[in-house]
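Notes follow once the structure below has been shown.
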């Protein structure tokens, strides 16, 4: 019985009607550090919900896409007409980095949720599907135009130069294809509610 | 008000049975594949890549035209209709169809694109061009029709009007 009592959390103790000062005394009796006591009273939101402020997310969108574009331009300028060298390894690498930035954090904006509805409420499902709709319209138009341009580049330009331009366009489309719904959703989603706002 | 007006319009519900819609979806994509295959086989003995390209583009446009004329302003064509004309359920169906369509289109486009570049790189003649164009036109057809095709495939048989 005593062992069970020792395992009860702050929430459980509150539910049993224990006053705050007694809960604090109980936590000290258990030998909890000040940090652990603080975390027990004010638990951090789960990683899943830590999507950051909208401003921060928008900066991330501009940063990742802008950074990719800048790198692509530099690599294109650095490449010579008879070789695709800096473009071929570095631009695909930049794609991987941008994808990791967006999908590496295990929030609901990430990859797992893009594959299913797990953990999403009705509002989030609607917002996600709306992001997909916008992404479809943007991606389909961009991909078809860029695809035709890449074919024209392959036809009309010398072998390596045409290939370099085609690969750049392809990599841009591949980046959009993998990240665009997430990025649109991250751009639109409002600031998360604070704990006080949620409880209110 | 607009939604109410549209919902009362009998044309809005003339979508046919789900079985029939599914057959039309399969027939449309299979017919296009057949035409593309015929053009590709024909082009093996011909150096004319321009007529082959035009044949596929015309077939593509024709299929899209038939598809959207047939569906017209029915609710199955929700992906093409403005949000103001749809009720809450159809709006969700529309967005969900776009999501599924994106999950299909993005990988298909990325794979087909690299295949077309490969065809041009390793078949630097008219045959390579025709294959590349066939892939672009195929993805164009998918991009233009897939959300509506998904709704047509999934929507149940319409309930009889009272």
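Protein chains in written order, with the working numbering: chain S, 1 to 200; chain D, 201 to 362.
Quick reminder that beta carbons are idealized off the backbone N, C-alpha and C, glycines included.
Here the structure is a predicted model, which is why all the values come from computation and not from measurement.
299/D is the residue among 299/D, 339/D, 217/D, 233/D whose C-alpha sits nearest the C-alpha of residue 347/D. In terms of Cβ geometry, residue 143/S and residue 343/D form a close pair [threshold 9 Å]. Runs of alpha helix (DSSP H) with 4 or more residues, each lying fully within the stretch 326 to 361 of chain D, are found at 326 to 354, listed in chain order. Under the three-state reduction of DSSP output, residue 7/S falls in the coil class, being neither helix nor strand. Of the candidates 301/D, 314/D, 310/D, 329/D, the residue whose Cα lies closest to the Cα of residue 349/D is 301/D. Using beta-carbon distances, residue 172/S does not count as an interface residue toward chain D, since no partner is under 9 Å. Check the Cα spacing between residue 101/S and each of 75/S, 132/S, 82/S, 60/S: the tightest is with 60/S.
Near chain S, meaning a CB-to-CB distance below 9 Å, the residues of the stretch 272 to 284 of chain D are 279. For residue 49/S, the three-state secondary structure derived from DSSP is helix.
With distances taken between CA atoms, residue 338/D lies nearest to 315/D out of 321/D, 215/D, 315/D. Contacts between residue 301/D and chain S, judged by CB atoms closer than 8 Å, involve 136 in chain order. Here residue 231/D carries a helix assignment [DSSP, helix/strand/coil]. Annotation note: the stretch 113 to 168 of chain S contains no uninterrupted beta strand (DSSP E) run of length 3 or greater. Under the DSSP assignment, residue 64/S falls in the alpha helix (DSSP H) whose first and last residues are 54 to 78.
Its chain contains 27 as the residues whose beta carbon lies nearer than 6 Å to that of residue 37/S, once the 5 sequence neighbours on both sides are disregarded; these appear in chain order.
With the rule of 3 Cβ pairs closer than 8 Å, the stretch 274 to 283 of chain D does not count as touching the stretch 123 to 132 of chain S. When secondary structure is reduced to three states using DSSP, residue 22/S falls in the helix class. Between residue 269/D and residue 279/D, the alpha-carbon positions lie close to 14 Å from each other. Contacts between residue 181/S and chain D, judged by CB atoms closer than 7 Å, involve 302 in chain order. Boundaries of the alpha helix (DSSP H) around residue 39/S: 34 to 41. For the pair residue 257/D and residue 228/D, the CB atoms are not nearer than the 9 Å cut-off. Cβ atoms of residue 95/S and residue 149/S stay farther apart than 8 Å, at about 19 Å. For residue 238/D, the number of other beta carbons within 10 angstroms of its own is below 16, and it is reported as exposed. The closest CA to that of residue 304/D, considering only 136/S, 98/S, 155/S, is found on 136/S. By the 16-neighbour rule on beta-carbons within 10 angstroms, residue 75/S is buried. The count of Cβ pairs closer than 8 Å, one atom from the stretch 119 to 129 of chain S and one from the stretch 279 to 288 of chain D, stays below three, leaving the stretches out of contact.
In the three-state reduction of the DSSP assignment, residue 172/S falls in the helix class.
When only Cα atoms are considered, residue 70/S and residue 184/S end up about 21 Å apart.
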